[in-house]
Amino acid sequence: MFAAVPRQPDHREIEPRILKFWGDRGIFDKLVERNQGRPKFRFLDGPITANNPMGVHHAWGRTYKDLFQRYHAMLGQDQRYQNGFDCQGLWVEVEVEKELGFKSKRDIEKFGIDRFVEKCKERVLKYSRMQTEQSIRLGQWMDWDNSYFTMSEENNYSIWHFLKKCHERGLIYEGTDVMPWCARCGTAISDQEIATEGYRELTHKAVYFRLPVVGRENEFLLVWTTTPWTLTSNVAAAVHPELEYVRARKDGDVYILAKPLLSILGAGAQVIEDLKGEKLVGLRYKGPFDELAPQQGIEHRVIPWDEVSAAEGTGIVHIAPGCGKEDFLLGKEFNLAVIAPLCEDGAFAENFDWLKGMDAQSAAQPVFDSLEKKGLLFKVEEYTHRYPVCWRCGQELVFRLVDEWFISMNSLREEIMESARQVRWIPDFGLARELDWLTNMSDWCISKKRYWGLALPIFRCECGWFDVIGSREELKSKAVSGWERFEGQTPHRPWVDEIRVTCGKCGKPAARVKDVGNPWLDAGIVPFSTTHYLTDHAYWQEWFPFEFITESFPGQFRNWFYAILTMSTVLEKRSPFKTILGYAMMKGEDGREMHKSWGNAVDTDEAFDKMGADVMRWVFCRHNPVQNLNFGYALGDEVRRKFLTLWNVYSFFVTYANIDKVSPASLAAKPEELSHLDRWILSRLNSLVRLTRERLDDYDPASAPRAVEEFIDDLSVWYVRRSRRRFWKSASDTDKQAAYRTLYDCLVTLAKLIAPFMPFVAEELYQNLVQPNENGAPESVHLTAYPEPDALLIDLALEKEVGLVRAVVSLGRAAREKSKLKVRQPLQSVLVRLNEPAEKDALLRHADTVREELNVHDLLFSDKDAPFPADYAVEADPEHAAGICTKLTEELENEGLARELVHKVQNLRKSAGFEVTDRIRLYYQASPRLAAAVRAFEDYIRRETLAVVVTDESLAEPDIRESARINREPAELALKRVRE
Ligand SMILES: [Zn+2]
Ligand SMILES: [Zn+2]
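Here it is as structure tokens:
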């Protein structure tokens, strides 16, 4: 016996029960053990930031990871199953700061760096445990006790090794640069971080101001800026040498600006002279804040710059090399003075007089006031633009002159591009994106002036000497003091800061630079640290390079992909992975970003509860990964409906199999003789198996689920529906046996096929259908071998033929619907317009099916261009057309009445609670019209209703009676069961 199947699958009951079953039986451990030593599938998990509960977008990526790992496990491949947690960096610090109510770095230092770092570690451990529980709930199989943490000693020391290799190639340097800076976080924000998610639409005050030209009375450069605070540090003004400029008089003063922007001066401006930008180059002017100490002795002049345009502003660009990236580069080119106004906390420095301590944003109004007082203000206006903000805390960034550590990328650029070209990128535009980044990236800024992160192993002396330490052992051997306070601690701040080494130049003790590392170093080294590159080289060789990684595309070109490619290229001159499957972004159901306040965010735990892990996984898998996924409960309902169809087939099978006392053992035998329906569905099944393997082998997650859905449709609405009567036959009937075995084969194979996609429901089906305990089958569906297609059972011609029949039937049905004639009203004919002549034979082989499906007497054919007769209702698709003859003869009408009567009687039999095999007496009183129909089709009525007598005489003590209307004809019906 099979366990009875409930009407609907309840994931709230099934999924926890299956999780417990896997746990109790140690199924995952058995799988790992069974595959040990077999050919390997090398998957590398990109670490999830262990800083918050898992988001539903994480569930998407983790579903892909689990899908391919489960698939390769069923292929019998040995795997590592190592999950990763990303642990260090500003993102964790910011959350801990929030927890502790901290406002700035000063609060952290007061609290104590050691206690703060311990808090960060605690947070990571807390959320890694939570994410583990959530991933298990998703059905993800990993070696959860063996997850890697990027804060581990092995990970940190492996990065030290990498940095040492860079240093040996002369790539590490300390540079001064103007970097985007978050005043709240007190750190530079790298290009990667900004390009990824660091812009917001903001409105600022923009100012037009005038700068007096030296040596010309009442003549001014008209200049414009959106960052007033930077005017304090102005040293130059840039013009485009080829652009047209004018000198124009307005209210007694002369202004210089780009000709296309003359209207800024307003009505009454009078052009005195047209001139090219190059004529302006070299002009001297008085700076807007010459009274400030840092401006003393600076000569302001006009320089040429090809990036100047007349698209906005005045065509003259204010240049402050200490406050802007491009300004800084121009400063280098023209040897301009660099004035750096802002401290770490974003406030003006000591020597900026009345501005001292003021932050950049609040300096705007005082700057306008000062310009006004000096007669330099022209006008102020609102200006909306995309402006960079801190991706962690949302604070507006400023550009600030900083000393940071860099890896010089120029000499590596080509090598990394070569590594990127070794990879198969899915979708293939990934390569172009990565190459584009690699072409344009600047040097990699690897330092952050923070606390919780990789301790950069750079020791520097006042005299300018520095060295990079490559390992713990090297540090120990070079340490001249502080080792005892460091020993026994992880290589983090503040403990590692205690150590001094001897300067290689002057011999004084040198300390570590205070900076921590860019967190992408942490995630970038994992192809090496997790495979024990430094400590167990043989093991590393077994598992490197990786076959497969999968992560979300946007952003990672500049982040994780970039970091692993770079680090692997430096260490091994090759890509650490062979294939990458990238996927797009998850949005809310409405296509907008998910936001709690917009009501379109989906909570992961709530989704497990409401939608179930299987349904979520199927939603993720069937989605085209190139496109953004607008995720919500409606998508889940759609998938649930599709799977209810499968569930109904499963329930149908179990119900009949139990009635017939069919067992899994008896179903294992091959059927003696297959009907064409059996051969068709088995061909479809084996084609599906073949396609699923092909697509999964090609790292395409979406094609197989869609094919499975089509198969479920074939199985339900064609195979089972058309086979229904076969299951009513006597138990010994060989055709019935064939139907059972075929359906059983389909269901069991399907369970195995969908196991990597929907691991819970697959297990549920497998356990009940196979009953492995009794039959010596593998004890879990996940311990079975992935189905292999049986080429002998694939008959593409038959599949095509049945496809044609189904297409014609569906057109015929649509035509019937147009005619508004009842489904049970038999019609004379269907007329099919063929696409090619060979189709006629194919359809004729299935003529009975077509006639039965459409309830018509004749199947007729017409030529491609012949018109349909007027009394035909017609429906067409691009290839075929089918017309239904709508003309009703008296005989057809009688037949229709007889059919309706049979339908009524069947319902009465059910209402009376008769068994399907019970014979009956049928009594009726009817209108002459209906009575004539009954007489004409009496044999048919008897056969269909199992009536031994059909009579219009009165029936004594019927079991059930009813007054009915049969197609508007009144009738009295009564039934009595015949007792033998
Ligand atoms: Zn910030
Ligand atoms: Zn020195």
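So in the numbering used here, spot 339 of the sequence shown is number 328, and the numbers just go up one at a time.
Ideal Cβ placement from N, Cα and C applies to all residues, glycine included.
Close beta carbons around residue i, own chain, < 6 Å, minus the five adjacent residues each side
i: A990; result: Because the chain here runs from -10 to 969, residue 990 falls outside it and cannot be looked at.
i: W472; result: none
i: R422; result: F546
i: P776; result: V678, T738, K741, L742
i: S818; result: V845, D847, L849, C874
i: I287; result: V224, A326
i: L881; result: P815
i: M600; result: G625
Bridge-paired residues (DSSP) for residue i
i: W394; result: E163
i: G571; result: E540
i: V863; result: G872
i: D456; result: F448
i: A247; result: Y234
i: V798; result: For V798, which the question treats as bridged, DSSP gives no partner whatsoever.
i: Q66; result: Answer is none; Q66 lacks a bridge partner.
i: I955; result: E958
i: F198; result: V212, L366
i: E339; result: According to DSSP, which records beta bridges pairwise, E339 is partnered with nothing at all.
i: A227; result: I292, V306
i: L964; result: L911, I949
Nearest-angstrom beta carbon gap, residue j and residue i [assumed within contact, 8 Å]
i: R668; j: D784; result: 6 Å
i: A299; j: L365; result: Wrong, their Cβ atoms sit about 22 Å apart, outside the cutoff.
i: H193; j: T215; result: 5 Å
i: E889; j: P815; result: At roughly 11 Å, the Cβ-Cβ gap does not stay under 8 Å, so E889 and P815 are not in contact.
i: V1032; j: A309; result: As displayed, the chain neither begins before -10 nor continues past 969, which places residue 1032 out of reach and without an answer.
i: P534; j: K567; result: 6 Å
i: V297; j: A349; result: About 24 Å separates the two Cβ atoms, so there is no contact after all.
i: C109; j: E143; result: Wrong, their Cβ atoms sit about 19 Å apart, outside the cutoff.
i: V974; j: L443; result: In the structure as shown, the chain begins at -10 and stops at 969. Residue 974 is therefore absent and cannot be evaluated.
i: Q68; j: N24; result: 7 Å
i: S712; j: L782; result: About 17 Å; that fails the 8 Å criterion.
i: Y913; j: D941; result: 6 Å
Beta-carbon contacts of residue i that lie in its chain and below 7 Å, excluding the five residues immediately before and after
i: R59; result: W130, A744, P745, P748, H771
i: F198; result: V212, P277, L360, L365, L366, F367
i: Y522; result: S147, W529
i: L793; result: E828, A831, L832
i: D295; result: H229
i: K631; result: E698, I701
i: V798; result: V839, E842, L843
i: L424; result: M406, A409
Close Cβ partners of residue i (< 8 Å) along its chain, the five nearest in sequence each way excluded
i: I261; result: V235, R236, A237, R238, V243
i: C452; result: C492, K494, C495, K497
i: L736; result: V638, Y639, F642, L754, L758
i: P28; result: G65, Q66, D67
i: R954; result: A960
Heavy atom of ligand 3 within 7 Å of residue i beta-carbon
i: K497; result: Inclusion of ligand 3 in the displayed structure is not the case, the ligand content consisting of ligand 1 and ligand 2 alone.
Could you give the uninterrupted runs of the alpha helix (DSSP H) lying entirely in the stretch 493 to 560, keeping only those of 4 residues or more?
Entirely contained in the stretch 493 to 560, the alpha helix (DSSP H) runs reaching 4 residues are, in chain order, 508 to 513, 515 to 518, 526 to 532.
Complete alpha helix (DSSP H) runs within the stretch 607 to 686 (minimum length 4 residues, chain order)
If we require 4 residues or more, the alpha helix (DSSP H) runs fully inside the stretch 607 to 686 come out as 622 to 648, 653 to 656, 665 to 686.
Quick one: any contact between the stretch 806 to 826 and the stretch 852 to 859, if contact means 3 or more CB pairs under 8 Å?
yes
Beta strand (DSSP E) segments (min. 3 residues) lying fully within the stretch 278 to 327
289 to 293, 306 to 308
Identify every run of the alpha helix (DSSP H) within the stretch 398 to 448, keeping only runs that are complete inside it and at least 4 residues long; order them along the chain.
399 to 410, 418 to 429
Check whether the stretch 691 to 699 and the stretch 755 to 763 are in contact - that is, three or more C-beta pairs closer than 8 Å.
no
Taking the runs of the alpha helix (DSSP H) that are 4 residues or longer, which of them lie wholly in the stretch 106 to 191?
Secondary structure within the stretch 106 to 191: the alpha helix (DSSP H) runs of 4 or more consecutive residues, fully enclosed, are 142 to 157, 180 to 186 (chain order).
Within the chosen definition, does the stretch -8 to 1 reach the stretch 26 to 46 through at least 3 CB pairs nearer than 8 Å?
no
For the stretch 487 to 500 against the stretch 423 to 433, are there 3 or more C-beta pairs whose distance is under 8 Å?
Judged by Cβ distances under 8 Å, the stretch 487 to 500 makes no contact with the stretch 423 to 433, as fewer than three pairs qualify.
Cβ contact check for the stretch 709 to 728 and the stretch 598 to 617: 3 or more pairs under 8 Å:
no
Can you confirm whether the stretch 927 to 940 touches the stretch 887 to 905 when touching is taken to mean that 3 or more C-beta pairs between the two stretches lie within less than 8 Å?
yes
Fully enclosed by the stretch 727 to 793, which alpha helix (DSSP H) runs are 4 residues long or longer?
Here the runs fully enclosed are 748 to 759, 761 to 764.
Pairs of beta-carbons, one from the stretch 123 to 140 and one from the stretch 389 to 401, closer than 8 Å: are there three or more?
Inter-segment contact for the stretch 123 to 140 and the stretch 389 to 401 is absent: fewer than three beta-carbon pairs are separated by less than 8 Å.
Those runs of the alpha helix (DSSP H) which lie wholly inside the stretch 457 to 491 and span at least 4 residues
461 to 467, 472 to 475
Quick test of the definition: if touching needs 3 or more C-beta pairs under 8 Å, does the stretch 401 to 418 touch the stretch 465 to 483?
no
List, from N- to C-terminal side, the beta strand (DSSP E) runs of 3 residues or more that fit wholly inside the stretch 884 to 935.
909 to 915
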